[in-house]
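Take the sequence shown: its position 35, counted from the start at 1, is 35 in full-length UniProt numbering, and no numbers get skipped.
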Amino acid sequence: MAVSPQEATAWLVHLLNTKGQGDYIGEPISQLEHSLQAAHLARTHDADDETILAALLHDVGQFLPAQDVKSIAHEIRDMSSSTDVSAGGVGRVGHERIGEEYLLRLGFSQKVASLVGSHVAAKRYLCAVERDYHDSLSDASKKSLIFQGGPMEGTELEQWAANPWCHEMCQLRKWDDGAKVVGLEVEPVEAYEAMMKSHLER
């Protein structure tokens, strides 16, 4: 995907602004509002630029044109084995994996992409290691947990705990959970343009 940092940035800003107006599934805010609130939480917690960008773009896999989703999902299934737990096997490919691969193709760092790709699994990890975490989830998030595999255990749990970005992954998940406030005023997507372009030019 040969595009310049400026082109990639402009495209993502356009994508979020135009495709993010739909409802955030099961929640009383839009997809765009949710993404901006997540980025706002990351920024107010003094996260680094990569983590802030991951928070902003964590649901980008939900916004992509159908042809891009189909192409990326097909390639991910081809690369995955039926025993690859992190990929959910060779069946349905989730929006987090789609977003992770798409951002890598645009030139984002492995850290940004990995944080995006892990934000669903991070909920499963936190449900396994923090007793009160599950109780704090919204009803919609509790329901989706069932379809996402439930709390982690065994080898999968150990591997997650050993990941060098485990802390950031868990932070992003909690910001994701908290980014559902009706009427909260936060900065628009354009406030992150310079950060995004600078990252892609690195």
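Even glycine gets a Cβ: it sits at the ideal position worked out from N, Cα and C.
Computed from a predicted structure; not experimentally measured.
Exposure label - residue i; buried when at least 16 CB within 10 Å
i	result
His-74	exposed
Ile-146	exposed
Arg-131	exposed
Arg-173	buried
His-167	exposed
Arg-97	buried
Arg-124	buried
Thr-44	exposed
Ser-82	With a pLDDT of only 35 at Ser-82, under 50, the local geometry of the prediction cannot be trusted, and no value is derived from it.
Lys-180	buried
Gln-110	exposed
Gln-6	exposed
Ser-114	buried
Straight-line gap, residue i to residue j (C-alpha atoms, nearest Å)
i	j	result
Leu-32	Ala-55	12 Å
Ser-118	Lys-197	23 Å
Val-182	Leu-157	34 Å
residue 220	Tyr-102	Outside the shown range of the chain, which is 1 to 202, sits residue 220, and nothing can be said about it.
Ser-71	Leu-12	18 Å
Gly-88	Ser-4	Low confidence applies to Gly-88: its pLDDT is 37, below 50, so where it sits in the model is not reliable enough to give any reading.
Tyr-133	Lys-143	14 Å
Arg-202	Asp-139	40 Å
Beta carbon of residue i nearer than 8 Å to that of residue j
i	j	result
Thr-51	Ala-38	no
Gln-159	Ala-47	no
Asp-59	Ser-30	no
Leu-57	Gly-99	yes
Leu-200	Gly-94	no
Met-195	Asp-49	yes
Val-116	Gln-148	no
Leu-137	Asp-176	no
Thr-9	Glu-185	no
Leu-64	Val-112	no
Delimiting residues of the alpha helix (DSSP H) encompassing residue i
i	result
Pro-5	5-19
Ile-52	49-57
Lys-143	139-147
Ala-113	110-118
Answer yes if the segment 7-18 comes into contact with the segment 185-194, meaning at least three C-beta pairs across the two stretches below 8 Å, and no otherwise. The segment 185-194, when compared against the segment 7-18, does touch it at the 8 Å Cβ threshold.
Should the segment 121-131 be regarded as contacting the segment 150-163, the criterion being three or more beta carbon pairs within less than 8 Å? The answer is yes - the segment 150-163 touches the segment 121-131, with three or more Cβ pairs under 8 Å.
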